[in-house]
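The structure appears right after this line, and notes come after that.
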Amino acid sequence: SQYQAVLAVAHIPPPASLEDVLTDSTSPRRIVALDGISNAGNVGQIVRNAAAFGLDALICGATTAHPYVRWAVHASMGTLFQMPVVGPLSLHPTLLSLKQQGFRCVAAHARDDARPLWETDFSGDVCLVM
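So this is what it looks like as structure tokens:
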């Protein structure tokens, strides 16, 4: 369908810095990092679930759809505006930095021998990478 009027006018907040996110959150900290997710609707759905589970921040890798495109905002049902967004940035050095600061990075992967999510230990500071 085609839109015949203005949908919305909004200001995209400036990206948060990882340092500010870590300073402003308390342990145990939960962060989700996205890498290579090109579908904006999927980005929005991940953001909505991250907000529902009380995660502290979203890190967007350089290969992920921008979280503030219309479909991502729509799929997030507005929860995107309740969570700090870091990036886009190069994810590898960011994850290394998090590991040096005591985070455990857990990756979601669709391998046959992967451990189910419900068997994963999420105690302590965790960054879930998708």
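Numbering (my numbering), first residue to last: 5 to 134. Cβ coordinates follow ideal geometry from the N, Cα and C atoms, glycine included.
Worksheet entry | the segment 103 to 112 in contact with the segment 70 to 80 per 3-pair CB rule at 8 Å | no
Discussion item. In this structure, how does DSSP classify residue 52 when only helix, strand and coil are distinguished?
Written reply: Taking the sequence shown and counting its residues from 1, one reaches residue 52 at position 48. Residue 52: helix per DSSP, three-state reduction.
Worksheet item: Which partner residues does residue 93 have in the DSSP bridge list?
Response: To locate residue 93, count along the sequence shown from 1; it is residue 89. Paired residue(s): 65.
Worksheet item: Got a sec? Which residues, its chain only, sit under 6 Å from residue 22 by beta carbon, not counting five neighbours each side?
Response: As a first step, residue 22 is located in the sequence shown; it is residue number 18 there, counting from the start. If we look at residue 22 and ignore the five residues flanking it on each side, its Cβ neighbours are 90.
Worksheet item: Does DSSP put residue 112 in a helix, a strand or coil?
Response: As a position in the sequence shown, residue 112 is number 108, starting the count at 1. Looking at residue 112 - three-state DSSP - the assignment turns out to be coil, as it is neither helix nor strand.
Discussion item. Pop quiz: residue 54 and residue 73 are said to be a contact at Cβ under 8 Å. What is the actual Cβ separation, rounded to whole angstroms?
Written reply: Position 50 of the sequence shown, counted from the start, is the residue given in the question as residue 54. Position 69 of the sequence shown, counted from the start, is the residue given in the question as residue 73. That belief does not hold up - the Cβ atoms of residue 54 and residue 73 are roughly 17 Å apart, past 8 Å.
Fill in: residue 79 (DSSP reduced to helix, strand or coil)
Walking along the sequence shown from the start, residue 79 turns up at place 75. Correct three-state label for residue 79: helix.
Worksheet item: Hey, residue 69 and residue 44 are a contact pair by Cβ (cut 8 Å); roughly how many whole angstroms apart?
Response: Reading the sequence shown from its first residue, position 65 is the one you call residue 69. Reading the sequence shown from its first residue, position 40 is the one you call residue 44. Contact flag correct, Cβ pair sits at about 4 Å.
Item to complete: Inspect the beta-carbon positions of residue 99 and residue 64 and report whether they are closer than 9 Å.
Response: Translated into the one-based positions of the sequence shown, residue 99 becomes position 95. Translated into the one-based positions of the sequence shown, residue 64 becomes position 60. Contact: no.
Worksheet item: Mind checking whether residue 125 and residue 105 have CB atoms under 9 Å apart?
Response: Here the question's residue 125 lines up with position 121 in the sequence shown. Here the question's residue 105 lines up with position 101 in the sequence shown. No, the pair does not count as a contact, with Cβ atoms beyond the cut-off.
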